[in-house]
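Student:
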Amino acid sequence: NAGVTQTPKFQVLKTGQSMTLQCAQDMNHNSMYWYRQDPGMGLRLIYYSASEGTTDKGEVPNGYNVSRLNKREFSLRLESAAPSQTSVYFCASRPSGTGIFEQYFGPGTRLTVT
Amino acid sequence: QQPVQSPQAVILREGEDAVINCSSSKALYSVHWYRQKHGEAPVFLMILLKGGEQKGHEKISASFNEKKQQSSLYLTASQLSYSGTYFCGTEPSGNFGNEKLTFGTGTRLTIIP
Numbered sequence: 001n002a003g004v005t006q007t008p009k010f011q012v013l014k015t016g017q018s019m020t021l022q023c024a025q026d027m028n029h030n031s032m033y034w035y036r037q038d039p040g041m042g043l044r045l046i047y048y049s050a051s052e053g054t055t056d057k058g059e060v061p062n063g064y065n066v067s068r069l070n071k072r073e074f075s076l077r078l079e080s081a082a083p084s085q086t087s088v089y090f091c092a093s094r095p096s097g098t099g100i101f102e103q104y105f106g107p108g109t110r111l112t113v114t
Numbered sequence: 001q002q003p004v005q006s007p008q009a010v011i012l013r014e015g016e017d018a019v020i021n022c023s024s025s026k027a028l029y030s031v032h033w034y035r036q037k038h039g040e041a042p043v044f045l046m047i048l049l050k051g052g053e054q055k056g057h058e059k060i061s062a063s064f065n066e067k068k069q070q071s072s073l074y075l076t077a078s079q080l081s082y083s084g085t086y087f088c089g090t091e092p093s094g095n096f097g098n099e100k101l102t103f104g105t106g107t108r109l110t111i112i113p
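Chains A and B are the protein sequences, given in the same order. Heads up, the first sequence is in my numbering, so the first residue is 1 and it goes up one at a time. Heads up, the second sequence is in my numbering, so the first residue is 1 and it goes up one at a time.
#1: Just the C-alpha distance for Leu111 (chain A) and Asp38 (chain A), rounded to the nearest angstrom, thanks.
#2: Chain B partners of Met27 (chain A), CB-CB under 8 Å?
#3: DSSP has His32 (chain B) in a bridge; who is on the other side?
#4: Taking its Cβ as the centre, do 16 or more other Cβ atoms sit within 10 Å of Ile112 (chain B), making it buried, or is it exposed?
#5: Which chain B residues are close to Ile100 (chain A), counting only those with a beta carbon under 7 Å from its beta carbon?
#6: What number of angstroms, rounded off, separates the C-alpha of Gln22 (chain A) from the C-alpha of Gln6 (chain A)?
#7: Distance cutoff 8 Å, beta carbons only. Does Pro83 (chain A) sit that close to anything in chain B?
#8: Along the beta strand (DSSP E) that carries Ala9 (chain B), what are the first and last residues, could you check?
#9: Report buried or exposed for Arg13 (chain B), applying the criterion of at least 16 other Cβ atoms within 10 angstroms of its Cβ.
#10: Is the beta carbon of Tyr86 (chain B) less than 8 Å from the beta carbon of Leu101 (chain B)?
#11: Based on Cα-Cα distance, which residue from A:Ala24, A:Tyr47, A:Val60, A:Leu76 lies nearest to Gln1 (chain B)?
#12: Should Gln5 (chain B) and Gly89 (chain B) be called a contact, given that it needs their Cβ atoms to be closer than 8 Å?
#13: Within a Cβ cutoff of 8 Å, which residues of the same chain sit near Ala9 (chain B), ignoring the five residues on either side of it in sequence?
#14: Going by other Cβ atoms of all chains shown within 10 Å of its Cβ, with 16 needed for buried, is Ile11 (chain B) buried or exposed?
#15: Would you identify the three-state DSSP class for Leu80 (chain B), choosing helix, strand or coil?
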C-alpha cells in the first residue's frame, strides 16, 4: 500500500514550457485534490475532484488544468509555465461518504520555473 | 478567505505546553489540523466537526467553538518530535459533501531541549 504517490519529485522548467504532474492513490478514495504551497502562504487549493470524471476549481486555478483519468489518478497540467508557478505542489486524497475522513498527502513535487 | 492562525511562531522548551489558535470569518462545518515537518508532506492530527464529533491522535487534543468559529490545538508536555509547522484547514458550514478545505498560513513550532 503506497498511499499517495507523485511524480516527478523535482522539476525545472523554462518560462512557456508545459508539463504534467502525476498523482495516483491506491486507497480507493473518491476525492482527490491538488494544492500549491508557497512560503508564508500555507496550502492553497488549485483543483478538486469528488469522483472520476468530475473536477471543480479551488482558490487558485488560473494557469492550470486537471484530468481525473480514473479513480486512482489525478493529473495537473501547466500549459505555459510562468515564474509565478514556482512552488511545491501536493496531491491529496480522501474517502467520502458517511464518517469523519482526513486527507492523505503525497510527498510533493518541487517545481521551479526560470 | 483563509482562516487566521495565531501565534505565527512559538519556541518552547521540551516539556512545556502550547496552544495554537485558528479563527474563521465564516460559520464552520469542520476544522482539520495537520503538522508538516520541513521538506515533508502534511500529516493528519485531528478533525473536529460541528456538533462535537472528532477524530484524531491520542496525544493530541483540540477544541472547536462553533459560535465563535474558532478552534484551538493543545500541545502538552511537548517533545522534540512536535517541532514543525501546524496548519488548520476549515470547511464552511452548509458545504457538507463539498469537502474543500481552506488552510491557514501556519504556526511554526520549535521545541528546544
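Glycine is no exception: its CB is placed at the ideal position from the N, C-alpha and C atoms.
Tutor: With the structure as the only source:
#1: 11 Å
#2: Per Cβ cutoff of 8 Å: no residues; Met27 (chain A) is ~13 Å from chain B at best.
#3: B:Ile47, B:Gly89
#4: exposed
#5: Ile47, Leu49, Glu53, Lys55
#6: 6 Å
#7: no
#8: 9-13
#9: exposed
#10: no
#11: A:Val60
#12: no
#13: Thr107, Arg108, Leu109, Thr110
#14: exposed
#15: helix
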